[in-house]
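Below: the structure, in structure tokens.
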Amino acid sequence: LLDIVAQSQLSLSVLHIASQLMCFESVPATFFRNFIEKAMKNLPLIKDTKQQRQLVRCFCFFLSGVYKKGFIDLAVG
């Protein structure tokens, strides 16, 4: 299931599913890191500006949740 989500084209539905996966402690942090990396590469490639803005907004909420849950460390060093 995680591979399917990670390889899916970025959409609101995929972001929602990834957000729901934060509820499960068995999901490895590497999944979230890889998902974030892929999303950050794909967001600039979306041509429809309305869709892109909507996805960026939802991605920011997702990113905030991932950070609050401790799945990623934003420290630079």
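Just so you know, we're using the numbering used here here: the sequence shown kicks off at 6 and counts up by one.
Where is the CB? At the ideal position from N, CA and C, for every residue including glycine.
Check: Assign Ala-34 to one of two classes, buried (16 or more other C-beta atoms within 10 Å of its C-beta) or exposed (fewer than that).; Outcome: exposed
Check: When the distance is taken between beta carbons, is Leu-17 closer than 8 Å to Gln-57?; Outcome: no
Check: Span of the alpha helix (DSSP H) holding Gly-70?; Outcome: 54 to 73
Check: Quick check: the Cα distance between Val-81 and Val-32, rounded to an integer number of angstroms?; Outcome: Legend: pLDDT at Val-81 = 47, less than 50; position of this residue unreliable, value from coordinates given subsequently. Cα to Cα, the separation comes out at about 24 Å.
Check: Run the CB neighbour count on Val-19, radius 10 Å, all protein chains shown included, and call it buried at 16 or more, exposed below.; Outcome: buried
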